[in-house]
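**Student:**
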Amino acid sequence: MSLVCVINSGSSSIKYQLIDLATGAAVVSGLLERIGEEGSPVPNHEFGMSIVLAKLGDRSAEISAVGHRVVHGGPNFDGPALVTAEVEAEINDLSALAPLHNPANLLGIRAAKIALPTVPHVAVFDTAFHQTLPADSYTYAIDTELAAQYRVRRYGFHGTSHEYVSRAAAEFLGRPLETLKTIVLHLGNGASVAAIDGGRSIDTSMGLTPLEGLVMGTRSGDIDAGVIFHLARQAGLSIDELDVLLNRRSGLLGLTGSGDMRDVQEAASRGNTAAQAALAVWRHRIRHYIGAYIAELGGLDALVFTAGIGENNSLLRRRALAGLEFLGIEIDDDRNELASRAARFISPEGATVSVLVIPTNEELEIARQTAALVGV
Ligand code: ADP
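Numbering (this note's numbering) for the sequence shown: 80 to 455.
1) Indicate the three-state DSSP secondary structure (helix, strand or coil) for residue 393 in the structure shown.
2) Nearest-angstrom Cα distance between residue 369 and residue 386?
3) If you follow the alpha helix (DSSP H) that residue 96 is part of, which residue opens it and which one closes it?
4) For residue 379, name the three-state secondary structure that DSSP assigns.
5) Please determine whether the Cβ atom of residue 340 lies at a distance below 6 Å from any heavy atom of the ligand ADP.
6) When we look at the beta-carbon of residue 159 and count the other beta-carbons within 10 Å, is it buried (16 or more) or exposed?
7) With a Cβ-Cβ cutoff of 7 Å, do residue 237 and residue 271 count as a contact?
8) How far does the beta strand (DSSP E) with residue 188 in it extend, from its first residue to its last?
9) Using DSSP with H/G/I as helix, E/B as strand and the rest coil, what is residue 236?
10) Closest by CA to residue 281, which one among 262, 294, 240, 288?
11) So, is residue 383 buried or exposed, given that buried needs 16 or more other C-beta atoms within 10 angstroms?
12) Find out if the Cβ-Cβ distance for the pair residue 162, residue 135 is shorter than 7 Å.
13) Considering only the beta carbon of each residue, do residue 243 and residue 102 sit closer than 7 Å?
14) For the ligand ADP, I want to know if residue 387 counts as a neighbour, meaning its beta carbon is within less than 6 Å of at least one of the ligand's heavy atoms.
15) So, helix, strand or coil for residue 126, using DSSP?
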């Protein structure tokens, strides 16, 4: 049996899955937390990986490759890469663009290479799928020299999910990916939209960092950069404080006091006006992007919901799309209400645009890309 181990390493956590490529199923999965925290029995990632290995038991002998999620591939990576000393150095160099994520991803890579030294290790980047963005869509209108020197441009994230879901949509519809114009709404705790033309990402809502775009659990999404200057000058906030404000204390959390959509929705249904207003802002931003991306794509064949909110919340799906019938976008209430873990239509039979729910599976996509790269 060919198993691929998928590792998603954070600064204090290691998520792992052992994936059987023949079935696509995760045969073992788990999460190690509080790595390196005070009083934690797991002092560092190296020790953490030895625990993971022990949990995998005999199955570890069947591992043919390890796939690592890496958040930022910058302009360097447009696909998965075999982890060599050079690739490690590049990931490290890209830490300037993702200071919280890339160093943590590297800790996982280094620890896993020690734990599993005889198999190939592959880095799969969240940004890679969006490297097809044309220059007009990835360029910020600022001084070009400064932008080039500091690698400032739109990169986009959730690429592994957008790629998996857009391909799964084409398979589900039984149509060649090359012919489809698709919008994927990845609505989880972090959220992003992508416009995908014939399998190529042509625009996406996240930018240099995962802060831009939709209203998220704790991130503001789109905001006038002038807000930063204004708050720095008037409220006396430092750059670090503004970073925390926009990344960790904004979005649904900033608007309502909770970053979890379930809480917000419940509060709204009880008549809480702040929660109701937050849902309206959340919805407004989604519709703003749908309209923009239909214009960029020059039409639309499929609109796909995925991730925590997109897969599980029929009411928010309905509200997000209400009134867009003039664009050919319709929802069938019975189909939308059907609770299921499978890919499914939620648009009526024969609708112009196929509206779908497709559960994402980033680990499976990482495993497949890893296997394809190393030929196992
Ligand atoms: P992440 O972005 O962390 O990978 P997920 O894609 O798993 O997260 O999405 C998690 C989020 O999805 C949670 O923060 C929660 O708010 C939201 N969520 C999950 N189920 C529901 C639901 N039934 N209704 C509304 N929100 C939900």
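Think of the CB as a built atom: it goes at the ideal place given N, C-alpha and C, for glycine as much as any other residue.
**Tutor:** Per the coordinate set shown:
1) On the sequence shown, residue 393 is found 314 positions in, with the first residue counted as 1. If DSSP states are grouped into helix, strand and coil, residue 393 belongs with the helices.
2) By 1-based counting over the sequence shown, the position of residue 369 is 290. By 1-based counting over the sequence shown, the position of residue 386 is 307. Rounded to whole angstroms, residue 369 to residue 386 spans 17 Å at the Cα level.
3) The count along the sequence shown starts at 1 and reaches residue 96 at position 17. First-last for residue 96: 93-99, but that is the beta strand (DSSP E), not the alpha helix (DSSP H).
4) Stepping through the sequence shown from its first residue, residue 379 is reached at position 300. Coil at residue 379, not helix or strand.
5) As a first step, residue 340 must be located in the sequence shown, where it is residue number 261. Yes.
6) Working through the sequence shown from its first residue, we reach residue 159 at position 80. Label assigned to residue 159: buried.
7) For the purposes of this step, residue 237 is identified with residue 158 of the sequence shown, where counting begins at 1. For the purposes of this step, residue 271 is identified with residue 192 of the sequence shown, where counting begins at 1. In this structure, residue 271 lies closer than 7 Å to residue 237 by Cβ.
8) Your numbering for residue 188 matches position 109 in the sequence shown. Residue 188 -> not in any beta strand (DSSP E); alpha helix (DSSP H) instead, spanning 181-194.
9) Numbered from 1 along the sequence shown, position 157 holds the residue referred to as residue 236. Residue 236: coil per DSSP, three-state reduction.
10) Along the sequence shown, read from residue 1 onward, the residue named residue 281 stands at position 202. If we check each option's Cα against that of residue 281, 262 comes out closest.
11) One-based indexing of the sequence shown puts residue 383 at position 304. Buried.
12) In the sequence shown, the residue the question calls residue 162 occupies position 83. In the sequence shown, the residue the question calls residue 135 occupies position 56. Their beta carbons are not under 7 Å apart, which means residue 162 does not touch residue 135 by this criterion.
13) Counting from 1 along the sequence shown, the entry for residue 243 is found at position 164. Counting from 1 along the sequence shown, the entry for residue 102 is found at position 23. Against a cut-off of 7 Å, the Cβ pair of residue 102 and residue 243 comes out as no contact.
14) To locate residue 387, count along the sequence shown from 1; it is residue 308. Result yes, Cβ under 6 Å from the ligand ADP.
15) Residue mapping note: residue 126 aligns to position 47 of the sequence shown, counting from 1. In this structure, residue 126 counts as helix in the three-state DSSP scheme.
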